[in-house]
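Numbered according to the working numbering, the sequence shown terminates at residue 616, and the numbering increases by one at each position without gaps. Heads up, the beta-carbon is just placed ideally off N, CA and C, and yes, glycines get one too.
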Amino acid sequence: MYITMIATECAPFAKVGGLADVVPGLSRELEIQGNSVEIILPKYDCGRYDHVWGLTLDYQDLWVPWFEGAVHCSVYTGFVHSRKCFFIDPHSQDNFFNRGYFYGYPDETMRMAFFSKAALEYMLKSGKRPEIIHCHDWQTGLIPVMLFDIYKSLGMENQRICYTIHNFGHQGHGGQEVLWATGLGAPHHYLQEDRLRDEFNNSQLNFMKSGIVYANFVTTVSPTHAWEVRHGEQGRGLGHTLHVHQNKFGGVLNGLDYDVWNPMIDPLIPKSYGPINLEDKYINKERLRDRFLLKKDYKPVIAYIGRLDRQKGVHLIRHGIFHALENGAQFVLLGSSPDGDITRDFWQLRNDLNDNPDCHLELDFSEELAHLIYAGADLMIVPSIYEPCGLTQLIAMKYGTVPIVRACGGLADTVFDYQFSGKSEDERNGFVFYPEDSSALESTVIRALGLWNHYPSDFRKLIVNGMNCDYSWNKPAQYYLNIYNLIRHK
Ligand code: ADP
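Encoded structure:
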């Protein structure tokens, strides 16, 4: 099958969160299983071009209709870790993708509407006719509506769309100007309750809702989260729309690209290791301590890696740092945030803990450090308030770093408590708590530290169980292929 992914992130070229890992990971596995996959991305100025091989001009004069006129674009092609990618480069005064950062601008919906339009226009003009277009998150939510209401009649009548939602927390809202810019027009038609109209603001259109209503199939990234968004508040107003479209909605757990995330072959860690030479993991722990000037004591290292966002339970992370330090553990954090208040708060915390030889907070985004921490830590906390899938716990397990998670979304689908899970002993791989409060986190951290200190062989069993889990893309890719096949014949 011929599949085109359209997304705004693809690791390591452009990475903000898990979406960036999913796009190349799923693409790679689909190719292994005999399909042809291409990825269309914005040509950001801040992309990591050191990870793009053979960047060349693919299409010189692409004129993308925009409002009354058209925007002149070039399209480049190149390989990001062997995945064939196309990069849209608009030459307009809006400077959509030359802003220094991937996200966070006041005209975000216009930027992403333009990217979506340009991706379709490029496919139309260059003669690309994939059987499946797989779009991701709110940024590409308008693609299905534009495909079916504009491009279908221009020669793209056989394409089908799978739309994957990675985070309902960001839905993308725009005014009527988006409809005029993209050529959809007809605000009375689109601003209807059963089409694009936002549930909370009648005059706004909702990009994610557009994706749900118009795509041929909609997925989110774990079965538990698929349930949560339909039945609870996590759908953020889209629960009813999902309910209406329930026959084309499901949860497919994300996989992990074990070519990238595998301590046996990872070039970014000081010493490779696997379940059979687990001792070598502790060389990485020493290097991690060297790197962050942590004291070399007989203590476990607890880590947090991730965006510092309310979604991730920042108050629990903060609490967890002090609780770990008070109870004889070391703590390492790697995180960054676009939120000024959270950033200030963590910089203050970093200053307060600066002289503590058992703690290091790295307020940055660093792929290289992330690998070192996954390899060097003993435990990883993921106390999310909501978590559609979560990759940190999956990566941690592969690196023999035992996760401590709050049971929500994909965390509940992948981490099974050492004591309380209904799973067999061989399938238990971490520590799980339910309530969203600090005492639940505290008691779970205490259980984990107790096992590490007093029952090392049981702790080791937990490590090995996690390392032996198969959270590769193999099965999820098969589920996606089933979905693609289902919609291809409709
Ligand atoms: P989300 O997509 O909500 O950010 P996920 O757990 O799905 O969370 O994916 C997070 C991914 O981003 C993981 O690969 C994690 O290692 C990586 N990551 C998050 N923050 C950082 C950081 N500050 N430095 C390096 N990698 C990070």
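N-terminal and C-terminal residue of the alpha helix (DSSP H) that residue i is part of
i    : result
E494 : E493 to G502
T203 : First-last for T203: G195 to V206, but that is the beta strand (DSSP E), not the alpha helix (DSSP H).
A146 : G144 to I158
M334 : F333 to Y340
K251 : E234 to S252
E452 : V440 to E452
G466 : G466 to D478
R417 : K407 to F418
S268 : Note that residue 268 corresponds to Leu in the displayed sequence, not to Ser. Taken as a continuous stretch (DSSP letters only), the alpha helix (DSSP H) holding L268 covers L268 to M272.
Burial state of residue i, where buried means 16 or more other Cβ atoms lie within 10 Å
i    : result
R356 : buried
P561 : exposed
H449 : buried
D490 : exposed
F546 : exposed
A312 : exposed
K335 : buried
Q285 : buried
Y424 : exposed
I287 : buried
C172 : exposed
K616 : exposed
T182 : exposed
S569 : exposed
L394 : exposed
F205 : exposed
E452 : exposed
W179 : exposed
A196 : exposed
Y610 : buried
Alpha-carbon spacing of residue i relative to residue j, whole angstroms
i    : j    : result
Y289 : I165 : 14 Å
L434 : V440 : 6 Å
V148 : S329 : 33 Å
E210 : Y316 : It should be noted that the sequence gives Lys, not Glu, for residue 210. Cα to Cα, K210 sits roughly 35 Å from Y316.
P509 : G358 : 19 Å
T235 : T266 : 10 Å
I521 : H371 : 33 Å
L305 : I391 : 48 Å
N293 : E283 : 29 Å
K462 : A429 : It is worth fixing the name first, because residue 462 is Ser in this sequence and not Lys. The alpha-carbon atoms of S462 and A429 are separated by roughly 14 Å.
Y277 : S252 : 13 Å
D176 : P138 : 9 Å
Y384 : E194 : 47 Å
G536 : R470 : 30 Å
I447 : F457 : 6 Å
I409 : E155 : 32 Å
K254 : E513 : 35 Å
E157 : P602 : 13 Å
D215 : A239 : 14 Å
G466 : Q474 : 12 Å
Y248 : S208 : 22 Å
L498 : K397 : 10 Å
Range covered by the beta strand (DSSP E) that runs through residue i
i    : result
T182 : V178 to W192
G461 : Q456 to S462
K278 : From DSSP, K278 is part of no beta strand (DSSP E); its letter is neither H nor E.
L505 : L505 to V508
L487 : C485 to E488
P138 : Here P138 belongs to no beta strand (DSSP E), and DSSP marks it neither H nor E.
A603 : Unbroken run through A603 is the alpha helix (DSSP H), N600 to R614; no beta strand (DSSP E).
A429 : V427 to R433
H260 : I258 to H262
M131 : Y128 to I132
F213 : R209 to P216
Any non-hydrogen atom of the ligand GDP within 7 Å of residue i CB
i    : result
T540 : Inclusion of the ligand GDP in the displayed structure is not the case, the ligand content consisting of the ligand ADP alone.
Nonlocal neighbours in the same chain, by C-beta distance under 6 Å from residue i, ignoring five residues either side
i    : result
E257 : M127, Y128 and R614
N380 : V148, V347 and C515
A538 : T350
K407 : Y399 and G526
P483 : K421
M506 : A429, A522, T527 and P529
A503 : V427, A429 and T527
Contacts around residue i, its chain only, beta-carbon distance under 7 Å, and the 5 residues preceding and following it disregarded
i    : result
P401 : V590, M593 and N594
H369 : R356
Nonlocal neighbours in the same chain, by C-beta distance under 8 Å from residue i, ignoring five residues either side
i    : result
Y605 : V378
R573 : Y544, Q545 and F557
L250 : Y277, L280, G281 and M282
Can you check the stretch 510 to 541 for any beta strand (DSSP E) of at least 3 residues that lies completely inside it and give the ranges in chain order? 528 to 532
Which whole runs of the beta strand (DSSP E) in the stretch 285 to 314 are 3 residues long or more, in chain order? For the stretch 285 to 314, whole beta strand (DSSP E) runs of length 3 or above, ordered along the chain, are 286 to 291.
Run through the stretch 339 to 402 for me and flag every whole alpha helix (DSSP H) of 4 or more residues, listed as ranges in chain order. 349 to 357 and 365 to 370
Quick one: complete beta strand (DSSP E) runs, 3+ long, within the stretch 549 to 590? At a cut-off of 3 residues, the continuous stretches assigned as beta strand (DSSP E) that sit fully inside the stretch 549 to 590 are 557 to 559.
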